[in-house]
Amino acid sequence: KSAVGIGALLLTGIGDTIRVSLTGDPVLEIKAAKEILKACGLYRKGVVFVSCPTCGRTQINLIDIAQKVEKALENIEKPIKVAVMGCVVNGPGEAKEADIGIAGGKESAVIFKKGEILRKVPESEVVEALLEEIKKL
36 KSAVGIGALL LTGIGDTIRV SLTGDPVLEI KAAKEILKAC GLYRKGVVFV
86 SCPTCGRTQI NLIDIAQKVE KALENIEKPI KVAVMGCVVN GPGEAKEADI
136 GIAGGKESAV IFKKGEILRK VPESEVVEAL LEEIKKL
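In my numbering, the protein residues as written are 36 to 172.
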C-alpha cells in the first residue's frame, strides 16, 4: 500500500520527502523508499533488478540464482539494470532493456548484454559468470 500511495504522489510531482513505515528492521524502510524512488525514475543509483516469476519452461533454479545475484549487487552504486530470466524463449526479449542479464536453459543459462547473447554457461557457474560480466560494465 505504501508503494502505491507514495509512488502515485511522486509521479504527479507532489512531495519532496518520503517516509515508508514497515514492521521490522528500520533499515528495510530505507531500502523500500529507495526502490519506490527507483521505480518512479527519481533515484538513479544502484541496480534495478528484474526477474521473471518462473513458469513451466524454467529449467534452472531461478529463485536461488536471483536471490544470490540480488544479494551480491545490493551495495552497487552504479546505475545498471540487471535481469534474471527463467527461459531463453521469453527472457532476452522481455529483458531487452536490461544492461545485462541471464536467461535460463536446460541446466545452463545464456548471459546477454543489451539483448545480445555473450556466452552460455553451466547452471553451477551462472552467478559467478554474471557477476564477472557486471564488473566489466
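Glycine residues also receive a C-beta, built at the ideal position from the N, C-alpha and C atoms.
In this text the structure is predicted, and so the values were computed from the model without any measurement.
1) According to DSSP, is E132 helix, strand or coil?
2) Which runs of the alpha helix (DSSP H), 4 residues or longer, sit entirely within the segment 43-123?
3) Write down the C-beta distance between V156 and I146 rounded to the nearest angstrom, noting that I regard them as a contact closer than 8 Å.
4) Does E142 come out as helix, strand or coil in the three-state DSSP assignment?
5) What does a CB cutoff of less than 7 Å around V82 pick up in its chain, not counting 5 residues either side in sequence?
6) When you compare only the Cα positions, how much space is there between V137 and G59?
7) Near G126, what residues of its chain come up, given a Cβ to Cβ distance below 6 Å and the 5 sequence neighbours on each side ignored?
Well, looking at it:
1) coil
2) 61-74 and 97-107
3) 6 Å
4) coil
5) L108, I111, I115 and V117
6) According to the sequence provided, residue 137 is Ile. The question's Val does not apply to it. Near 32 Å, if we compare the C-alpha coordinates of G59 and I137.
7) M120 and A138
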